[in-house]
Ligand SMILES: Cc1cc2nc3c(=O)[nH]c(=O)nc-3n(C[C@H](O)[C@H](O)[C@H](O)COP(=O)(O)OP(=O)(O)OC[C@H]3O[C@@H](n4cnc5c(N)ncnc54)[C@H](O)[C@@H]3O)c2cc1C
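Residue numbers (the working numbering): 1030 to 1464.
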């Protein structure tokens, strides 16, 4: 990997997400060599992926070059590399571009969509965890409407304009709200020759309320906001299968749709060498102690989505969200410095700053420790918080301008089919993109 040897201890970090970047920033000025490995050369601000999928933002405005975050620090090295395995015996990380040894290893590889073993849904449904996946979804949504214009078959047309989003967590709720706004504000103008009133947005939730991680009042209000926007909210229904056209559930309800978005679960990314049963808990997360040390090791740590620290308040680990990942990265940074200096490490304590979700224009729900609120103010708070945590001044300015523009103009101008998406099994009378 062409990384110089130094007398400083080498910390290898796998993953430049929220946790990995927070940690690298903490260590960048310390007497340590920091090597960050990521399979992408950018940090992906996942909370705004749904806005890319629905044409509200360009993908570049929610991505930021990892090299730029930490440029100018002589002890920091980035390598664009996909980690394939870890040899814990010889303290070596193996990647597609070569090997690297470590004194300390931090796994911050995040999570991936969990299809719970359903191969049909995995291949025929859409996930929204990465920027390429969001662009695929954006293309598919727009291609569906172009295709709906061409078909004479009413049944097929309805299926093309029918959207099924599985999972009533923040991702599903935010995507459903954004699609409903497109249906209301944009489709009638873009497709005057199509009866877009027939478009349906269905949000399917397995449990008895949406946003189950938030308060009852937030769930109820979010559901009301969605219904006001015309979203069909289905509760206590589990999606069982999808053949590319037909969605079956564990009830008599079924859906005909060309677009199923799976937002019903994630699991930690597991890496060979640390994927044994002895290390993993539910959802493939690595069990760590209060200092983030992976079970059985003193020099291997895990933070963020990939780590499960079981505490009295969080018996199943901290929520798989940006805040825990950031706080864990910062805490581990301080602890690694203490460790190198021979001082005792301090246990991690999570400061829960609350959670929030937006449903659409002037509609959001916010749960904070002492206060819960919904509506317009919550929406402004949601926007402020997301702008604050977005990395990069340019990105903040671009996103802010886009939001102001979209708000004033009731528009989403990034509705572009830049790279057409072809569903694996799509069978249609009016095949789009034959070539
Ligand atoms: C659609 C969506 C919406 C969300 N909305 C919110 C929200 O509103 N609020 C909130 O708090 N959280 C939200 N989350 C969750 C939040 O994004 C995650 O909890 C957070 O990103 C976890 O941070 P992390 O550092 O653990 O991992 P990530 O930020 O996912 O970073 C992991 C990094 O590891 C890299 N990587 C993975 N495998 C390898 C490998 N083998 N080799 C090299 N590199 C690798 C990846 O490329 C990535 O850069 C959302 C997530 C999604 C998908």
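Beta carbons are placed, not taken as given, at the ideal position from N, Cα and C, and that holds for glycine.
Computed from a predicted model, the values in this text were never measured in an experiment.
Task: For residue 1151 and residue 1142, the rounded distance between their alpha carbons - done: Walking along the chain shown from the start, residue 1142 turns up at place 113. Walking along the chain shown from the start, residue 1151 turns up at place 122. If you take the alpha carbons of residue 1142 and residue 1151, they lie about 9 Å apart.
- [ ] Would you mind reading off the limits of the alpha helix (DSSP H) that contains residue 1175?
- [x] What you label residue 1175 is simply residue 146 of the chain shown in a count that begins at 1. Note, residue 1175: alpha helix (DSSP H), 1160-1179.
Open item on the list: Between 1271, 1284, 1082, 1040, which has its C-alpha nearest residue 1134's C-alpha?
Closed with: Start at 1 with the first residue of the chain shown, and residue 1134 comes out as number 105. Of 1271, 1284, 1082, 1040, the residue nearest in Cα terms is 1040.
Open item on the list: Would you say the beta carbon of residue 1137 is closer than 6 Å to some non-hydrogen atom of ligand 3?
Closed with: In the structure on display, ligand 3 does not appear, and the ligands it does have are ligand 1.
Task: Where residue 1185 falls, given that 16 or more other Cβ within 10 Å makes a residue buried - done: The residue you call residue 1185 lines up with position 156 of the chain shown. Classification for residue 1185: buried.
- [ ] Along the alpha helix (DSSP H) that carries residue 1126, what are the first and last residues, could you check?
- [x] Taking the first residue of the chain shown as 1, we reach residue 1126 at position 97. Where residue 1126 is concerned, there is no enclosing alpha helix (DSSP H), given that its DSSP letter is neither H nor E.
- [ ] With DSSP as the reference, label residue 1270 as helix, strand or coil.
- [x] If you number the chain shown from 1, residue 1270 lands on position 241. Strand.
TODO: Count the other C-beta atoms from every protein chain shown that fall within 10 angstroms of the C-beta of residue 1103, then say buried if there are 16 or more, exposed otherwise.
DONE: What you label residue 1103 is simply residue 74 of the chain shown in a count that begins at 1. Result: exposed.
TODO: Go through its chain and collect everything with a Cβ distance to residue 1383's Cβ below 8 Å, but skip five positions before and after it.
DONE: On the chain shown, residue 1383 is found 354 positions in, with the first residue counted as 1. Here the set comprises 1395, 1396, 1397, 1398.
Open item on the list: By alpha-carbon positions, which one of 1170, 1202, 1363 ends up nearest to residue 1393?
Closed with: Mapped onto the chain shown, residue 1393 falls at position 364. Here the closest residue by C-alpha is 1202.
Open item on the list: I need the DSSP call for residue 1045, collapsed to helix, strand or coil.
Closed with: Residue mapping note: residue 1045 aligns to position 16 of the chain shown, counting from 1. Of the three classes helix, strand and coil, the one that applies to residue 1045 here is coil, per DSSP.
Task: Sequence-distant residues of the same chain with beta carbon closer than 8 Å to residue 1057, five excluded per side - done: Along the chain shown, one-based indexing puts residue 1057 at 28. Here the set comprises 1063, 1099, 1102, 1104, 1105.
Task: Any non-hydrogen atom of ligand 1 within 6 Å of residue 1327 CB - done: Numbered from its first residue, the chain shown carries residue 1327 at position 298. Residue 1327 Cβ: outside cutoff for every heavy atom of ligand 1.
Open item on the list: Looking at ligand 1, does it come within less than 6 Å of residue 1392, judged from the CB to the closest heavy atom?
Closed with: Taking the first residue of the chain shown as 1, we reach residue 1392 at position 363. Outside the cutoff, so no.
Task: Helix, strand or coil at residue 1143 according to DSSP, with G and I counted as helix - done: In the chain shown, residue 1143 corresponds to position 114, counting from 1. If DSSP states are grouped into helix, strand and coil, residue 1143 belongs with coil.
Task: Residue range of the alpha helix (DSSP H) that includes residue 1405 - done: Within the chain shown, residue 1405 is the residue found at index 376, counting from 1. Start and end: 1405-1418.
Open item on the list: Judging by CA-CA distance, which residue of 1241, 1306, 1376, 1195 is the nearest neighbour of residue 1364?
Closed with: Position 335 of the chain shown holds residue 1364. Selected option, being the one with the closest Cα: 1376.
Open item on the list: For residue 1299, list the residues DSSP reports as bridge partners.
Closed with: Taking the first residue of the chain shown as 1, we reach residue 1299 at position 270. For residue 1299, which the question treats as bridged, DSSP gives no partner whatsoever.
Open item on the list: Helix, strand or coil, according to DSSP, for residue 1066 in the structure here?
Closed with: Position 37 of the chain shown, counted from the first residue, corresponds to residue 1066. In this structure, residue 1066 counts as strand in the three-state DSSP scheme.
Open item on the list: Taking 6 Å as the cut-off, is the C-beta of residue 1094 nearer than that to any heavy atom in ligand 1?
Closed with: Taking the chain shown and counting its residues from 1, one reaches residue 1094 at position 65. Result no, Cβ not under 6 Å from ligand 1.
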